[in-house]
Amino acid sequence: MSSPPIQWYPGHIAKAEQQLKRNLDKVDLVIEVRDARIPLATGHPHLNRWISGKQHLLVINRRDMVTPEARVAWETWFKARGQRTVWCDAKAGTGVKQVQQAAIRAGDQLNERRRNRGMRPRPVRALTLGFPNVGKSALINRLVKQKVVASARRAGVTRTLRWVRLGQDLDLLDAPGVLPPRLDDQQAALHLALCDDIGQAAYDGELVAQAFLNLLKGLQPQEASGVGLALLESRYGVPLDGTTEDPAYWLEAVAERHTSGDTARMSQRLLDDFRKSALGSIALELPA
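The numbering of the sequence shown is the working numbering, which starts it at -12 and goes up by one.
So, in structure tokens, the structure goes:
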């Protein structure tokens, strides 16, 4: 089964990208935030063009939502490509100190270059960048130890750019989530929909739930993914055949048991359960 069609590019995203381009010249460091469950799908295709010549810190959030094996695999994969990663759980605060230390180290290097050119040191200006709902605002609130920006588990909460002072050494610019104008890679778009990183108006929930079940069946043989079809059966009372079964039939059977036959409501429940880790720690993407 191929991925269901998904497109989402509301007006405020287009506006955010224009604002972002206007502010890029003012920043020294780009702190890019991605989702640990889908670290490739949450990488913006235009990022390298935007950060040309600037320091880049890759922060992978929601580390609690994937298996330790998936995290190690991704750390190795990124390191082989010359990209250091800092993993955190912005909601709980785990790893946030390491993010701050890495940003300040980048700033020290920048100010050392300024001193060598006879310029005075200054606070480093960092931009937090990432797709909607990957946890940028939660990370900033943790970094400054108070709720200074709106944060919620849904896409599109941050709508405007604003500066936040982080101690003596760092000024942070919180940017709205930016999506590419077109989601050309529909498999990546499916991953974004599953992780609630794009608005629900962009897709059909039942088709996405069916595609999710197929994805789980494909991931199950890879231990690092954390997928256990037995957990689905114990939670919903219906076994999911790992090879042949049409997921639409499984959803119908589960809907009969739990939502009076309402497959749309059952699809939503399945997606919600995944999003709150009720199905375990599941990495939807693993290094090839």
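For every residue, glycine included, the Cβ atom is placed at its ideal position computed from N, Cα and C.
Item                                                                                                            : Value
Validate contact between the stretch 239 to 249 and the stretch 201 to 215 using beta carbons, cut 8 Å, 3 pairs : no
C-beta atoms of residue 129 and residue 77 nearer than 9 Å                                                      : yes
Rounded straight-line distance, which links the Cα of residue 149 to that of residue 58                         : 31 Å
Residue 243 in three-state terms, based on DSSP                                                                 : helix
Residues bridged to residue 115 (per DSSP)                                                                      : 18, 161
Cα-Cα separation between residue 139 and residue 104, rounded to whole angstroms                                : The predicted position of residue 139 is uncertain, since its pLDDT is 41 and thus under 50; a value taken from the coordinates is nonetheless stated next. Taking the straight line joining both Cα atoms gives about 43 Å.
For residue 178, the three-state DSSP class (helix, strand or coil)                                             : helix
Neighbour-count burial assignment, residue 88, 16 or more Cβ in a 10 Å radius                                   : exposed
Nearest neighbour of residue 201, chosen from 271, 250, 267 [CA to CA]                                          : 271
Residue 76 - DSSP class collapsed to helix/strand/coil                                                          : strand
Extent of the continuous alpha helix (DSSP H) run through residue 101                                           : 83 to 103
Backbone CA spacing between residue 145 and residue 18 [nearest angstrom]                                       : A caution first: residue 145 carries a pLDDT of 44, below 50, which makes its placement in the model too unreliable to give a value.
Same chain, Cβ closer than 6 Å to residue 246, five either side skipped, listed in chain order                  : 252, 253
Under the three-state DSSP convention, the category residue 152 falls into                                      : strand
Meets three-Cβ-pair contact criterion under 8 Å: the stretch 30 to 48 and the stretch 190 to 206                : no
Sequence-distant residues of its chain with Cβ nearer than 6 Å to residue 262 (five each side left out)         : 183
Classification of residue 35 by the beta-carbon crowding that lies within 10 angstroms, buried from 16 upward   : exposed
Alpha-carbon to alpha-carbon, residue 116 and residue 159                                                       : 11 Å
Proximal residues to residue 268 (C-beta, below 7 Å), its chain only, five neighbours per side dropped          : 52, 53, 54, 213
First through last residue of the alpha helix (DSSP H) which encompasses residue 59                             : 55 to 67
Contact belief for residue 82 with residue 73 at Cβ below 8 Å, rounded distance in angstroms                    : 7 Å
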